[in-house]
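One structure below.
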Amino acid sequence: MAGNAVVGRFAPSPTGIMHAGNVFAALNSWLLAKSQGGKVVLRIEDLDEGRSRKEFADAAMRDFEALGLSWDEGPFYQHDRQEAYMDAFEKLRRARLTYPCYCTRAEINAQSAPHGMGEKAVYPGRCRRLSPQERIRLKERLASDGRSPSQRLEVPGETVEFDDLYQGRFAQRLDTECGDFVVRRSDGGFAYQLAVVVDDAAQGVNCVARGYDLLVSTPQQIHLQRLLGLDTPQYAHFPLLCAEDGRRLAKRNKDAALDELLAVHGSPEAVLGHVAYIGGLQPKDAPATPEQLLTHFDAASIREKYEGTVSIAYG
Ligand code: GLU
């Protein structure tokens, strides 16, 4: 751990080219860490092997550099960290906190209420208490499709509360609002919730700025930190930049892609200044470097703008 020094992080998933939302995320992380004299770690979140590509990771690093968003440590790659995730998973398994789940995605969707942005599906818990006969039947059914069960963490009927730097006090009851969640996927890969907790702790990250969509994952992550004996970082959830129709910007959303933004705005400073202006990080739409934006960054006034704001239209 880095003592009292602040350590933030960039944590891009290399599943496409960068867009304005990724730039906004990295800028927020950089400003929050640097405004406290801190460092930034770069972690490439390539857990999803099917969708992650090395060329997108390389492109993200080139883009961060072009924008002046520097990092102090890394890149660390999640694909190198399987042993650390396995150790954490084994700790949970040995404590009898995990169980195999035989539900298919379609079954889970059919059993859970629909959920919108910033909400999540709560697993109804079918596989938590199976009779030995049911377990065998479901296991065989899954095996006949050539599949294995996922592993879920059994959560208690407790409430996890924390103070988010931008969103204020946030609380969720683990059993009714989170539900038992997947820590190991059916393909044997480790779930985001587990990996992110293990990595943040191992990389000394104690200041996590990220999008509003992950606010609802935070109680689960704090619960995992407590079970694994890890420290909880300070969290700061900022609004997501969204397309005009309210959908979040996607990597396929061509006109928000960084290449396109550079072509429209002419320079990295102009792109950064525009994204900062839209996201409430500077008062006018003018070119700016990260250092210039840092001179008038103030987390308390940012909180006034961001608190309770799920998304900002990116125009
Ligand atoms: N890799 C995630 C993303 O690109 C971020 C996860 C996190 O910040 O915890 O959206």
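For what it's worth, this note's numbering labels the leading residue of the sequence shown as 301, then goes sequentially.
Backbone N, C-alpha and C define an ideal beta-carbon position, used for all residues, glycine too.
The structure displayed is predicted, hence computed values, not measured ones.
- Per the C-alpha coordinates, the member of E434, V496, N409 and P539 positioned closest to R603 is P539.
- In terms of Cβ geometry, E349 and L397 do not form a close pair [threshold 9 angstroms].
- The Cβ neighbour count for R441, taken over all protein chains shown within 10 Å, is under 16; the residue is labelled exposed.
- Its chain contains E345 as the residues whose beta carbon lies nearer than 6 angstroms to that of S313, once the 5 sequence neighbours on both sides are disregarded; these appear in chain order.
- Ranked by how close their Cα comes to the Cα of D480, the residues G468, I408, S431 and G446 have I408 in first place.
- R394 has its alpha-carbon roughly 50 angstroms from the corresponding atom of Q582.
- DSSP, read as helix, strand or coil, puts Y512 in helix.
- Below 8 angstroms, enough C-beta pairs join the region 321-336 and the region 497-517 to call them touching: three or more.
- DSSP places E458 in the coil class of the three-state scheme, outside both helix and strand.
- Judged by pairs of C-beta atoms under 8 angstroms, the region 567-577 does not touch the region 421-433, as fewer than three such pairs exist.
- Within the chosen limit of 8 angstroms, the ligand GLU reaches the beta carbon of L514 through at least one heavy atom.
- Exposed is the label assigned to N304, since fewer than 16 other Cβ atoms lie within 10 Å of its Cβ.
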